[in-house]
Amino acid sequence: MEISLNLKNESERRTEQFVPEGPLSFGQLRTDHMFIAEYKGGEWQDARIVPYQNFSIAPGAIVLHYSQEVFEGAKAFLHDDGEIYTCRFEKNAQRMNRSSAVVCMPEIPVEMQMEAVEALIDVDRLWCPVQDGASMYIRPFVFGTQDMLGVKPSDSYIFSVILSPSGPYYPKGFSEPVKLLITDRFHRAAPGGTGASKTGGNYAASMRAGEYAYSKGANQVLYLDTTNTYIEECGAMNHFHVMKDGTVVIPEFTDTILRSITSESVMELAPELGIKVVQEKVRIDDFIKGVENGDIVEAGGFGTAAVISAVGTYLFEDGREITVGDGQIGPVSRKIYDAYTGIQRGLREDSLNWLRKVDRRFVYDL
Ligand SMILES: Cc1ncc(COP(=O)(O)O)c(C=O)c1O
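Convert by adding 67 to the 1-based position in the sequence shown; the result is the number in the working numbering.
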């Protein structure tokens with residue numbers, strides 16, 4: 068893919084390494100540039116890197132009415148050798164295509180997505196933050212642009228990538244267990260629906276549940292399946308728990324659970340850590356019993372943004388609470404967190420070959 072460059076001039080763009088002065092929040096900051104390609108006449112064309120700017124789309128664009136959109140979230144890391152590494156981005160690219168199929172959007176070749184991301188990171192490499200635990204958050208997204216009010220798939224799309232230099236999800240380190248609300252009032256996904264797709268509509272639909280959890284004093288909702296029998300996800304993360312014997316249990320992937328790349332990676336890394344991971348359907352009543360009788364000693368969520376969010380407490384609608392283990396982050400969660408983030412940050416051997424160095428292809432005068 069030929070990517071044309073239309074960069075900000077030198078006086079407007081970053082020319083020194085970005086070293087945040089204080090805590091860097093997650094997802095707020097942008098870099099100088101963005102990637103854009105357009106789908107017209109059945110093919111992707113006009114790939115370009117341009118200054119970060121607004122889109123111009125028609126008020127009748129399909130995405131604005133029917134949410135025909137998908138997105139991804141990944142991270143790149145600046146290592147001590149001065150190079151930037153992405154971590155398993157090809158998995159995100161593959162998932163973006165699976166998500167797109169669910170909402171009738173065209174595929175973007177995985178190599179094209181990888182090239183787009185790596186070229187953009189290369190151009191804005193000075194923005195990759197130098198701060199403990201910080202990363203360059205990568206947000207690729209695709210949306211339907213046809214100016215058409217009938218409900219049908221768009222015939223034109225924009226694929227774009229933006230970057231956000233981000234601090235660690237937990238500014239004080241991996242130390243704050245959260246509280247989840249167990250409720251049957253909201254469901255994230257239904258069988259035959261779009262739950263396994265990273266399409267924007269799923270997230271719009273989840274906001275009400277999130278706000279509700281917050282109003283009850285919890286951080287997020289523990290989503291159950293539509294029969295209120297099985298655990299599905301926690302907020303925008305896969306759920307997991309740890310049994311007394313150290314086994315990690317992740318709910319089986321279905322079409323109502325997003326296939327988390329963090330979960331998949333934990334499953335692949337686990338043998339190296341001497342940890343057993345199983346995937347199975349998890350009944351909510353068994354889970355509650357297990358927490359109450361001490362068979363379940365740790366719980367949490369897996370996801371790119373935080374890697375692991377430990378859950379200390381589960382709250383019921385009637386105000387009752389149950390605490391997992393001692394309510395603190397347990398040793399299995401910590402071991403996984405340290406190993407996973409260690410690989411991402413270049414502090415631990417990349418034994419599974421997850422990292423990919425971002426080439427210095429666009430060498431321009433600084
Ligand atoms: C609904 C949902 N579940 C799980 C995850 C975790 O997936 P990953 O580990 O690929 O970030 C995410 C975030 O991407 C999500 O939005």
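Just so it is clear, CB atoms sit at the ideal spot from N, CA and C, and this is done for glycine as well. Since the model is a prediction, treat every value here as computed from it, not as a measurement.
Under the three-state DSSP convention, the category residue i falls into
i	result
residue 433	Caution applies to residue 433, whose pLDDT of 40 falls short of 50 and renders its modelled position unreliable; the value that the coordinates give is listed next. Correct three-state label for residue 433: coil.
residue 340	helix
residue 398	helix
residue 111	strand
residue 426	coil
residue 201	coil
residue 122	coil
residue 142	strand
residue 349	coil
residue 385	coil
residue 290	strand
residue 175	coil
residue 241	coil
residue 404	helix
residue 357	helix
Nearest candidate by alpha-carbon position, reference residue i, set the options
i	options	result
residue 300	339, 267, 378, 310	378
residue 393	384, 369, 360	360
residue 296	258, 352, 411	352
residue 199	276, 278, 145, 340	145
residue 419	293, 335, 429, 330	335
residue 125	213, 155, 106, 204	213
residue 167	410, 265, 367	265
residue 339	327, 329, 406, 366	406
Distance between residue j and residue i (C-alpha atoms, nearest Å)
i	j	result
residue 317	residue 85	38 Å
residue 433	residue 233	With a pLDDT of only 40 at residue 433, under 50, the local geometry of the prediction cannot be trusted, and no value is derived from it.
residue 189	residue 158	20 Å
residue 201	residue 237	10 Å
residue 79	residue 73	13 Å
residue 96	residue 241	22 Å
residue 127	residue 325	30 Å
residue 83	residue 116	20 Å
residue 173	residue 164	8 Å
residue 383	residue 248	6 Å
residue 100	residue 280	36 Å
residue 160	residue 208	10 Å
residue 397	residue 312	13 Å
residue 229	residue 103	9 Å
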